[in-house]
Every structure is written in structure tokens, then in C-alpha cells.
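This report refers to the structure that appears directly beneath it.
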């Protein structure tokens, strides 16, 4: 059981959840994730750790309502318990002094990018951040990101705020003008990470992506999260979730994300029409 | 009380089979296949036992159960007594009575075995445990109290047995489990129709009576390292199993409807996705499913696929029926339910469409050559015998291997080249004093009963270690 300290809707259908989890908070590092269950009949879903406070023993997660489980999660309130929460899982981001680092966050991918950017900054890197959303009201954590970046570029797909277009726009410009970038982190929807990798590949700059694969146990015992990286099968939960995006088989990865689309849709429709115990 | 019957008459009695759900019925549900003995059945079967002066059956039981002792109590109609007799050495009778390969263990060494009609010890054990559950028979908490603390990593059969044995001796035991439910493979691996989860829950949670503390959602290696546990506990037993699935490593294996048996069974058993959408975890099954492998896990996956609505399920195995590692009874059950066996067949490639869906599997025929180091005849491909099986789902049930998470966090605990812990066979002691290991994480995927045997062995060695004043907390420095 893990008690919810607070829950805030930070953008339409996007929530920030602060949970009491001292064991996880004590160990969590940027890049890691947890697996949680909302209820006993629930499924296990992975969420990246967006922040942690070792002294208070809390962790923070940001999620978007996209289906039944996240919808149920958004209905929980301060003082409620999660049925289960386990972590921290996965290999932490490799934080060290690289020089200039660019972090790219798309949609709710900004949340996991935040602690990475913060720690990179703390390690003495010059941090250029690019964050984007579909529109102004869906943009999250702009202030937090500004506080840990040397330069912050914002995009919206519809141009309602910042630059119009995708995060790949300003990134391509940075690279084209010869900005010396030593390493890139890109986290967001699979298509966005794939697009970022296509932009950075010709420059040969290592581009780390965090693969939000479908997961079950999250500890390496089932292989549902397997991905092909540089021709080898890896488990995103124990070998990742971060991998050099230039080596990821994106077509396969995106195909695998759609495996349960039909069932997921059915469960969500049923939940919206009649709710659930 | 039932009257003892004269020995010559006992010997004439045929064994009493256990009633089972009919195949055409049972493939439509997840209920248990064998239905259990009635009181009358159990007494009848128990009365066949000759109560040997030197019982040979006990030697065949790694859990060291006093078999004639508990059977005699059944004859006396003292079912609670029979249960407590078993519990003295085996904490998992409801499980063992169902999933142990008795034909290879206690029933093999029964004096009747030569005549082909051993006492059905497993069925009697199951009867006793089920009776105890129905009547809520509890065991007394341990009388002795000791201060030393033991950490057990993993709540599967090895860890659970070790924890129970130590708790009965009065030690303060904590079990750490990574999943949200206790029981390890008993909970996520073995299907409901062989081992109902309600029974596993009962059998395991009952151990709280012994004062065992059980912590779920705790991944040793990540939530805390073994080295950190060594600072809090006097001894540690590593029983984290061999849970990492093996894949064939052939082209097409990451197509969408190819999965490990671990994934398929964890969804169905632990997450109860056969009850989707009442339960939230989805599961998909194809119309034509190929299960690769012929162990118990392969049979479990094939029979689960049928129950989820697959129209045709194949077991694809590179050797023949004789070499198949599954229990004979499980192969028969699968056959009765309509599973098709493709022996001497090796998959070489999985075919798919552009959306990543499976459309077929290319295989090659095999023949058997000379025996290999495992003693089984080696399968050899027959050239140019390639053919395609039309399937839309493939489940790999090729066995499992060590998951390195625990080992990585344990300084000074040696592993072999497969990542299994190296232990002293007699004591389950690892290369670091105070740390013991057993079950699948020392030998790869094996049986529930061998894991129970290790749990008992380790408990004895840990008791000895602690009794002579050993403690991890005193010996801070790890062995070189």
C-alpha cells in the first residue's frame, strides 16, 4: 500500500501524483520507473518517476488519462491508497559531465526529462531544453524546466504558445547552426522519439530515448517489453528503459505498442459507460 | 473409526482413482480438473497402505513427510491429526498433493509400485490439506522465541519452505517478494485448473500464524540490495528462482503475437486476465497457437490457450514423446483436451505481416541421433525438410534462466557461468558466510519438490549457523 499525498490536474487530463513511498524515494534516480496497481483487480502499469524527495519519503509521477487504469488513477484522492507500488525499477540515466547536453521532452515526456535535466545541470553540464505539447494548455512543467536549463525552447503543434510545430524543429536548427552538443535525451511518444533520432542521426550525436514499452512484471521475468536494439533483443524493464535511439528498431517497437489496442479500447469504453467497482 | 482390514485383503484392492472433470467440459472453464476424494474415497485408499515397518515411500519424498503416519491417521478418521502430521515437515501439502510428480517420488518407492498400483499418496495428501482448509485447522504458533532475524528472498516453494521451517524453530523471519502476491511460480506460473490460487493464498497466508513477516512489492537488488539486507539480518536465504524467459532467438521472434510462456501464464494466472474485462489485464490468444517445448510449462500454456478459446493448439517439440520433460499425467491431460503434438519438429523462423502479426512458422523435421551429455538422444535436423505450420500465435516455453538482479547486489556471493549461485550441495551455503541459496536459482528451472527440498536443507544449515553464534551482522566484511 502506498498513500497518496496529493493529486493535481496540471493540464487537461494530465495529473501529477505525489505518493508516500519511503523505500522507493530512498533509492530512486533519474530515468527509473515504478509499477503500480490501482486496485486488486487492476493491471500493473509502469510510470516514470518524475521526482523524488528522499527526506520526505515521497515520489512524484505524472500521467495522462488514456485508458481505464489511468482514468481510475485520476479518480483517487489524497489519503487513498494505491493497491500496490513497486520500484525503483530499470537502470538509471547515466549522469555525468558531458559538456553541452540537449534534453527534449514531448507531451508528458517532459515529466521524466525533468529530473534528468536537473541532475545533468548539477553535474556541471550546459543544458539546452526543448519541450513541446499539442497546444498551450497541454504544456506541463515549463517553470520547473526553466529552472534547470540554461536555455529553454518551447513548441506547440498548433502554435498556441512558443514556436509552432514539433520539438524536432528547434532541434534541427540547433544542429544546423553548428551548436556543439555532446549528448541528447529525448523522451515522449514513440513517434516523437523516432523523429528526434532521425534528426540527430546524421550528426552522430548519441541520442538516449526512454522506451515506454508495454510491461507486466517490470523485473525481467516475462519479456513483454522486449525491444530490438542494435540487432539484439533487450528487455526494456531491466536492460533499459533508456537506449541509444539510433540503434532501436522503431517500427517493431511501435507495432508492439499496439498489441492490445483493441482490448484496451474495449475496457475503457465499458468503464466510461458503466464505471467499475 | 474405519476398521483396519487384513493385509491379504488390502493387497487385493485396486487403487481408487480420483474423479475428474470431463475433457469436453473442462476446456470451457478454468476450474480444477481432478475433483478431489470424498471422505469415503480417502479412507478406502488409506486402508490399502501396508504400514510398512521400514517405509520405503518416505525415502522418495524430498519433504520428508511421515507418509505411513499421516495415512494411518486417515484410516483412524483423524483428518486434522493427519494434516498436522504432514505440517511437521511440509508446509505446502495442498500444493504438493497436486503438483508433485509423485510417480517419480514417494509413489515410485512405495512397495506396491512394482505391481503398478502404488498408494495414491499425493491424492491422499491433497485430501487431507483440503479437509484442513475447509475446517480451518491452524497450527500452533512456535513456543520457542529466538532473537535472530533471517531474510528470505522470494516467496516461492523454496523460500516459503525455508521460512516456515525456521519460523517453527522460533526465528524472526521476513520474506521479501517482488510481485504483489505471494507464492512465486505457484501464483504466476501454474494455472488455476491445476492449482487454484485461492488454495495457494490460503496455504501461504496461514504461515502468518507462525509469525512470518511477508513483504510484497520489494525487489531485492533494486528496492534494497542483498548487501543492505546483510546489515539488518543475521542470515539470508536467496530463493529468487530462475524467472527470466528464454527465447529461441530465431527470426520473427519479436512479432506481436509471440510471447514467453511466463508472460502468457502470468497474465492469465497472477493477473486473472482470463476474467478480462472484469480484471483489467488484457490477454490475447490466437485461433491457431503453437507452443514451443514439452515441459510442464508448455502443457500449462497449451491448455490455458485452449481455455481462452484457441481453436487449434500445437505442442512443437524437437524430440519425441519419450524425451518430453513434462509429467506423463500432464501430457495425457493435454491430449485428452485436444492438444496436437508435433514431435521431432524444430521452428527455424516465424513469419509475419507488415503490421507485425504472426502468419505462420517455418519448421524443420528432426531425427534422433546418439545420446548427448544429458543422456537424451540428440535431435538432428533433416536437410531440406522445411515446412510451414499456419499459426497466428507462438508461445515459447523453452525454460527459464537466472535473472541477475539479485546476484548483482550481493558482494562475495559467487555465481556460475549461467548466473546460478554456487552452493555447497549439503548445506545450500554460498561462498559468503551467512548467505544461503536454493531452488531454481541454484540449478535452473526444476520442480516444486526439489525447491522444497532445498528450502528444508537450507533451514537446517541456517539453524546450525545461527545456533553456533554465526551472524551476518557481526561479520560485516564480505568474503573475498
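Residue numbers (the working numbering), protein chains in the order written: chain A, 1 to 277; chain B, 1001 to 1480.
Each residue gets a CB set at the ideal place from its N, CA and C atoms; glycine is no exception.
Problem set entry | First through last residue of the alpha helix (DSSP H) which encompasses residue 1259 of chain B | The residue given as residue 1259 of chain B occupies position 259 in the second chain. Per DSSP, residue 1259 of chain B belongs to no alpha helix (DSSP H); it is in the beta strand (DSSP E), 1258–1260.
Exercise. What's the call for residue 1236 of chain B, buried or exposed, on a 16-neighbour Cβ count within 10 Å?
Worked result: Position 236 of the second chain holds residue 1236 of chain B. Label assigned to residue 1236 of chain B: buried.
For this session: Report all residues from its chain with a CB closer than 8 Å to the CB of residue 80 of chain A; omit the five preceding and five following residues, and keep chain order.
Result: As a working note, residue 80 of chain A is residue 80 in the first chain. Correct list, in chain order: 3, 4.
Exercise. What are the partner residues of residue 1362 of chain B, as DSSP defines its beta bridges?
Worked result: Indexing the second chain from 1 puts residue 1362 of chain B at position 362. Residue 1362 of chain B is bridged to B:1349, B:1388.
For this session: Using beta-carbon positions only, say whether residue 1447 of chain B and residue 1196 of chain B come within less than 8 Å of one another.
Result: The residue labelled residue 1447 of chain B in the question sits at position 447 within the second chain. The residue labelled residue 1196 of chain B in the question sits at position 196 within the second chain. Cβ distance not < 8 Å, so residue 1447 of chain B and residue 1196 of chain B don't count as in contact.
Exercise. Helix, strand or coil: which one does DSSP assign to residue 97 of chain A?
Worked result: Position 97 of the first chain, counted from the first residue, corresponds to residue 97 of chain A. Reduced to three states, the DSSP call for residue 97 of chain A is coil.
For this session: Closer than 7 Å, Cβ to Cβ, to anything on chain B: give me those residues from the stretch 243–268 of chain A, in chain order.
Result: 252, 255, 256, 259, 260, 263, 264, 266, 267
Exercise. What residues of chain B sit near residue 88 of chain A, judged by a beta carbon separation below 8 Å?
Worked result: Within the first chain, residue 88 of chain A is the residue found at index 88, counting from 1. Correct list: 1222, 1223.
Problem set entry | Interface flag, residue 53 of chain A vs chain B, CB-CB below 8 Å | One-based indexing of the first chain puts residue 53 of chain A at position 53. Closer than 8 Å: no.
For this session: Could you confirm whether any beta carbon from chain A is found closer than 8 Å to the beta carbon of residue 1012 of chain B?
Result: Numbered from 1 along the second chain, position 12 holds the residue referred to as residue 1012 of chain B. Residue 1012 of chain B does not count as touching chain A.
For this session: Using 10 angstroms around the beta-carbon of residue 1011 of chain B, count the other beta-carbons present and answer buried if the total reaches 16, otherwise exposed.
Result: Against the second chain, residue 1011 of chain B aligns to sequence position 11. With fewer than 16 Cβ atoms within 10 Å of its Cβ, residue 1011 of chain B is classed as exposed.
Exercise. Does the pairing of the stretch 1187–1194 of chain B with the stretch 1361–1379 of chain B give three or more beta-carbon distances under 8 Å?
Worked result: no
Exercise. DSSP three-state call for residue 48 of chain A: helix, strand or coil?
Worked result: Here residue 48 of chain A refers to the residue found at position 48 when the first chain is read from its first residue. DSSP places residue 48 of chain A in strand when its eight states are reduced to three.
Problem set entry | Per-residue contacts from residue 1278 of chain B into chain A (C-beta, under 8 Å) | Taking the second chain and counting its residues from 1, the one referred to as residue 1278 of chain B is at position 278. The contacting residues are 41.
Exercise. Thinking C-beta only, is residue 1162 of chain B closer than 8 Å to residue 1410 of chain B?
Worked result: Here residue 1410 of chain B is taken as the residue at index 410 of the second chain, counted from 1. Here residue 1162 of chain B is taken as the residue at index 162 of the second chain, counted from 1. Not a contact, by the Cβ cut-off of 8 Å.
For this session: For residue 84 of chain A, return the contacting residues in chain B, with the cut-off set at a CB-CB distance below 8 Å.
Result: Stepping through the first chain from its first residue, residue 84 of chain A is reached at position 84. Simply 1180, 1216, 1217.
Problem set entry | Cutoff 8 Å: residue 1430 of chain B Cβ touching any chain A Cβ | Within the second chain, the letter at position 430 stands for residue 1430 of chain B. No, residue 1430 of chain B lies away from the interface with chain A (no Cβ there is under 8 Å from its Cβ).
Exercise. Secondary structure at residue 8 of chain A, three-state DSSP: helix, strand or coil?
Worked result: Along the first chain, one-based indexing puts residue 8 of chain A at 8. Residue 8 of chain A: strand per DSSP, three-state reduction.
For this session: Could you check the C-alpha separation between residue 1334 of chain B and residue 1150 of chain B for me, to the nearest Å?
Result: Numbered from its first residue, the second chain carries residue 1334 of chain B at position 334. Numbered from its first residue, the second chain carries residue 1150 of chain B at position 150. The straight-line gap from Cα to Cα measures roughly 41 Å.
Exercise. Does DSSP put residue 1237 of chain B in a helix, in a strand, or in coil?
Worked result: As a working mapping, residue 1237 of chain B is identified with position 237 in the second chain. Three-state result, residue 1237 of chain B: strand.
Exercise. Is it true that the stretch 1074–1081 of chain B meets the stretch 1043–1053 of chain B, where meeting means three or more beta-carbon pairs spaced less than 8 Å apart?
Worked result: yes
For this session: Let me know if residue 230 of chain A comes out buried or exposed under the rule of 16 or more other beta-carbons within 10 Å of its beta-carbon.
Result: Position 230 of the first chain, counted from the first residue, corresponds to residue 230 of chain A. Residue 230 of chain A should be labelled exposed.
Problem set entry | residue 1141 of chain B - partner residues in DSSP beta bridges | Within the second chain, residue 1141 of chain B is the residue found at index 141, counting from 1. In DSSP, residue 1141 of chain B forms no bridge with anything.
Exercise. Helix, strand or coil: how does DSSP classify residue 1020 of chain B here?
Worked result: Counting from 1 along the second chain, the entry for residue 1020 of chain B is found at position 20. Here residue 1020 of chain B sits in strand by DSSP.
Problem set entry | Chain-ordered neighbours of residue 1256 of chain B on chain A, where CB pairs are closer than 7 Å | For the purposes of this step, residue 1256 of chain B is identified with residue 256 of the second chain, where counting begins at 1. Under the 7 Å cutoff, chain A gives 255, 256, 259.
For this session: Output yes if chain A places a C-beta closer than 8 Å to the C-beta of residue 1187 of chain B; else output no.
Result: Locating residue 1187 of chain B in the second chain gives position 187, counting from the first residue. Not closer than 8 Å to any Cβ of chain A, the Cβ of residue 1187 of chain B fails to qualify, so no.
Problem set entry | Helix, strand or coil at residue 291 of chain A [DSSP, three-state] | Past the edges of chain A, shown from 1 to 277, lies residue 291 of chain A, and the structure says nothing about it.
Exercise. So which residues of chain B does residue 37 of chain A contact, with C-beta pairs closer than 8 Å?
Worked result: Counted from its first residue, the first chain places residue 37 of chain A at position 37. Those are 1180, listed as they occur along chain B.
Problem set entry | Length-filtered (3 minimum) beta strand (DSSP E) runs lying within the stretch 113–179 of chain A | 126–133, 151–156
Exercise. At a Cβ threshold of 8 Å, is residue 274 of chain A touching chain B?
Worked result: Taking the first chain and counting its residues from 1, one reaches residue 274 of chain A at position 274. For residue 274 of chain A, the answer is no, since every Cβ of chain B falls outside 8 Å of its Cβ.
Exercise. Count the other CB atoms within 10 Å of the CB of residue 1288 of chain B; is the residue buried (16 or more) or exposed (fewer)?
Worked result: For the purposes of this step, residue 1288 of chain B is taken as residue 288 along the second chain, with counting starting at 1. Buried, because 16 or more other Cβ atoms sit within 10 Å of the Cβ of residue 1288 of chain B.
Exercise. Three-state secondary structure (DSSP) at residue 1160 of chain B?
Worked result: Taking the second chain and counting its residues from 1, the one referred to as residue 1160 of chain B is at position 160. Three-state DSSP puts residue 1160 of chain B in a helix.
Exercise. Is residue 1479 of chain B close to chain A, meaning its C-beta is less than 8 Å from at least one C-beta of that chain?
Worked result: If you number the second chain from 1, residue 1479 of chain B lands on position 479. Low per-residue confidence applies at residue 1479 of chain B: pLDDT is 48, beneath 50, and the placement is therefore not dependable enough to give any value.
For this session: Following the continuous beta strand (DSSP E) through residue 1083 of chain B, name the residue where it begins and the one where it ends.
Result: By 1-based counting over the second chain, the position of residue 1083 of chain B is 83. It is not in any beta strand (DSSP E) - residue 1083 of chain B instead sits in the alpha helix (DSSP H) that spans 1079–1087.
Exercise. Residue 222 of chain A versus chain B: which residues are under 7 Å apart at the beta carbon?
Worked result: As a first step, residue 222 of chain A is located in the first chain; it is residue number 222 there, counting from the start. Residues of chain B passing the Cβ test: 1245, 1260, 1262, 1263, 1266.
For this session: State yes or no: is the beta carbon of residue 1281 of chain B nearer than 8 Å to at least one beta carbon in chain A?
Result: One-based indexing of the second chain puts residue 1281 of chain B at position 281. Taking Cβ atoms only, chain A reaches closer than 8 Å to residue 1281 of chain B, which makes this a yes.
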